[in-house]
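Protein sequence lines, in the order shown, are assigned to chains A and B.
Here the first sequence stands for residues 1 to 455, numbered as in UniProt numbering.
Here the second sequence stands for residues 1 to 107, numbered as in UniProt numbering.
Just so it is clear, CB atoms sit at the ideal spot from N, CA and C, and this is done for glycine as well.
Since the model is a prediction, treat every value here as computed from it, not as a measurement.
Report on one structure; see the data block that follows.
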Amino acid sequence: MRTIRIGAAQGFYGDSILPAVASVQRGNLDYLCFDCLAELTLAILQKDRKKDSSKGYTRDITSSMPALLPYMKEKGFKLLTNAGGTNPLGAQQEVLRMIQELGITGLKVAVVTGDDILPRLPEFREKGISLSHMEDGRSIDDVLPRISFANAYLGAWPIVEALRQGADIVITGRTTDSAQFLAPLIFEFGWKKDEWDALAQGILMGHLMECSGQVTGGNFSGDWQSVEEMDRLGFPIAEVEQSGSFVITKAEGTGGLVSIETVKEQMLYEIHNPAAYMTPDVVLDMTQVVLEESGRHRVRVRGAKGKPSPDTLKVVMGYPNGYVGQAMVGYSWPNALEKAKAADRIVRKQLERLGWQYEEVQTEFLGYNSLHGPLSTLPEENLNEVYLRMAVRTPQKEAAAKFPRLFPPLALSGPPTMSGIGGMTAPRELFGMWSCLVPREVVESRVEVSLVEVE
Amino acid sequence: MGNVQLREVAFARSGDKGNTVNIGLFAARPEWYEVFVREVTPERVKDHFRGLVEGEVECYLMPNIHAMNFVLRGALAGGGSTSIRMDNLGKCFGSNLLRMEIEADEA
């Protein structure tokens with residue numbers, strides 16, 4: 001039976017490229033698909049583009065693509081990525097430049113545009129599209145002037161169009177993560193727009209693959225100690241059949257674990273209603289999905305059901321929302337926690353005396369409660385060491401920058417054994433996120449696919 | 001067998017979307033699933049996360065994989081890109097849920 005082999009590359013901007021290279025070398029791939037854009041990533045990329053209008057894509061393509069491009073013809077796979085970020089055309093230019101530099105010919109590089117709706121927001125408002133927050137219905141009026149990026153989540157069909165035009169590489173901006181993985185199946189198997197169950201299987205496959213190592217034993221909360229060779233954890237490979245039924249596996253000679261448990265954990269990752277996972281291509285119902293072990297590091301997945309796709313697309317926007325200033329210092333045994341707590345009280349008193357006002361002052365004790373907060377139980381023993389981390393929120397960058405300066409004097413004038421002053425970081429900008437729904441036709445009518453061949 | 005802590009009989013993974021966190025809670029053995037459904041109610045989860053989660057907690061059942069999915073609103077002090085917490089992306093909410101103790105007489 002004919003199967004299409006899809007490999008997952010990076011699961012976020014900054015992920016390692018080496019597991020993708022291993023999949024390319026030993027995985028017999030037909031497609032290699034990336035998901036580089038977490039919710040927040042566009043906020044970072046937008047800043048890059050503001051400084052340099054040719055940037056705004058994920059900068060690591062400059063190091064990752066040369067590791068993969070030389071294999072494309074020899075191994076015969078196609079490469080799909082949303083690395084375009086806020087500037088897919090800029091990313092295309094960069095990829096073309098690298099292809100030429102490597103002396104490779106005959107590759108076609110396509111770009112999908114139209115997800116960036118920032119310039120169109122006034123037009124949308126005139127059309128009566130509310131842009132109200134999709135979770136609580138708040139009006140956008142207060143934050144609209146501060147919005148710095150706004151992108152609609154496109155589905156798989158523009159990528160399919162690029163493949164139909166003969167693309168070897170497809171670069172997009174914002175799409176659903178799973179669209180990058182579904183598109184090749186639609187193209188190869190000729191699935192129709194209303195083959196809902198097949199499309200649902202494709203989306204489920206993409207959802208399982210989009211966080212790379214998280215389905216192959218990474219961040220696994222089950223028996224994680226039994227996961228072998230995390231130092232070279234393999235990224236997932238899906239073998240998909242015409243019906244949509246697929247197997248999740250990984251390349252020979254890689255570390256990690258593919259089991260029913262690792263697949264389950266990723267199935268519910270960042271999902272709300274598992275009976276109605278909304279995407280532009282299909283609404284996925286995973287409540288009847290069946291998982292079966294079909295060999296070592298092989299799990300078969302079937303039974304996803306699909307319902308017709310919605311009339312709206314999700315949009316995520318962001319706006320600058322103040323700054324965080326932070327500092328971190330350590331204290332040693334004995335009574336490390338008591339010392340750190342005393343330092344917190346001292347800093348808070350000094351803030352009061354200085355009249356420095358912040359919207360929020362957050363105190364956390366690393367080694368005790370920085371990750372579980374108020375649910376943390378008191379340590380049973382006298383801890384060897386505790387780090388005090390304090391963070392403040394403020395609209396002013398300078399107010400965030402001056403906060404850490406309160407900490408070095410504590411070394412000589414505070415509780416004993418302060419050391420490890422390492423967390424005096426520069427102020428970091430915070431972003432507010434805004435999600436809403438817009439009618440899909442106003443976005444999709446402007447989506448374009450363009451293609452360049454390197455001769 | 002009396003009270004048991006979820007960490008002994010379950011595994012869990014959490015993640016974020018905006019200011020919402022979801023936690024997938026998985027029964028380590030199928031027979032625990034029904035016990036979880038009875039014991040790990042959305043009300044109890046909301047109570048468990050008092051001080052961290054401001055909004056409502058919903059629960060979806062996944063009997064096909066012996067799992068429950070909890071959706072916690074107002075969980076991240078504004079959301080990952082706005083929160084000044086160390087765990088601004090809610091990665092540790094799953095392990096935090098595993099602290100919960102449940103009654104498990106018949107399992």
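Taking a 10 Å sphere around the C-beta of G166(A), we find fewer than 16 other C-beta atoms and assign the residue as exposed.
In this structure, A110(A) sits away from V160(A), with a CB-CB distance that is not shorter than 8 Å.
Taking 8 Å as the cut-off, the beta carbon of M72(A) is found closer than this to the beta carbon of L79(A). V21(A): member of the alpha helix (DSSP H) spanning 18 to 26, first to last residue.
Comparing alpha-carbon positions, the option among K339(A), G318(A), R428(A) lying closest to R146(A) turns out to be G318(A).
Listed along chain B are R85, M86, each with a C-beta nearer than 8 Å to that of E364(A). For E229(A), no beta strand (DSSP E) segment is defined, and its DSSP state is neither H nor E. In chain order, V438 place their CB closer than 6 Å to the CB of I129(A), counting only its own chain and leaving out the 5 sequence neighbours on each side. Chain-order list of chain B residues neighbouring P374(A): G51, L52, by C-beta distance under 7 Å. By the criterion of a C-beta distance shorter than 8 Å, D115(A) is surrounded in its chain by N151, A152, Y153, L154, T172, G173, R174, T175, V443, V447, once the five residues flanking it on both sides are discounted. Not a single C-beta of chain A is nearer than 8 Å to the C-beta of T41(B). Between D16(B) and G90(B) a beta carbon distance of about 4 Å is seen, short of the 8 Å cut, so the two are scored as contacting. Apart from the 5 residues on each side of it in sequence, P416(A) has no Cβ closer than 6 Å to any other Cβ in its chain. When DSSP states are grouped into helix, strand and coil, A391(A) belongs to the strand group. With distances taken between CA atoms, E261(A) lies nearest to Q214(A) out of F235(A), Q214(A), Y31(A).
Sequence-ordered contacts of the stretch 209 to 223 of chain A with chain B read C211, Q214, N219, F220, S221, G222, D223 [C-beta pairs closer than 9 Å]. Classified as exposed, Q288(A) has fewer than 16 neighbouring CB atoms from the shown chains inside 10 Å of its CB. Per DSSP, the unbroken beta strand (DSSP E) holding T363(A) starts and ends at 360 to 366. For A83(A), no beta strand (DSSP E) segment is defined, and its DSSP state is neither H nor E. Excluding the 5 residues flanking it on each side, I17(A) has same chain C-beta neighbours closer than 8 Å at A9, Q10, D60, S63, S64, A67, L68, in chain order. Along the stretch 56 to 76 of chain B, going in chain order, the ones with a CB nearer than 7 Å to a CB of chain A are Y60, M62, N64, I65, A67, N69, V71. With 16 or more other Cβ atoms inside 10 Å of its own Cβ, P274(A) counts as buried. In summary, the residues of the stretch 268 to 289 of chain A whose CB is separated from some CB of chain B by less than 8 Å are L268, Y269, E270, I271, H272, N273, P274, A275, M286, T287, Q288, V289, in the order they occur in the chain. Taken atom to atom, the span from the alpha-carbon of S413(A) to that of Y368(A) is near 24 Å. At a beta-carbon threshold of 7 Å, the residues of chain A lying near A12(B) are S221, ordered along the chain.
Between the stretch 356 to 367 of chain A and the stretch 389 to 399 of chain A, the count of C-beta pairs closer than 8 Å reaches three or more; the two stretches touch.
Beyond the five residues adjoining it in sequence on each side, E429(A) comes within less than 7 Å, by CB distance, of P320, Y323 in the same chain, given in chain order. Judged by their CB atoms, Y57(A) and A91(A) are nearer to each other than the 8 Å cut-off. Shown here, G7(A) sits in a strand according to DSSP, grouped into three states. Annotation: the continuous beta strand (DSSP E) that includes G24(B) extends over 20 to 27. The closest CA to that of A401(A), considering only Y331(A), P427(A), M390(A), S53(A), is found on P427(A). DSSP places L37(A) in the coil class of the three-state scheme, outside both helix and strand. Using a Cβ distance threshold of 8 Å, M433(A) and G79(B) count as a contacting pair. Contacts between R99(B) and chain A, judged by CB atoms closer than 7 Å, involve L375 in chain order.
At a Cβ-Cβ threshold of 8 Å, V347(A) and Y387(A) do not count as neighbours.
Relative to the Cα of V316(A), the nearest Cα in the group P70(A), G27(A), A43(A), G325(A) belongs to A43(A).
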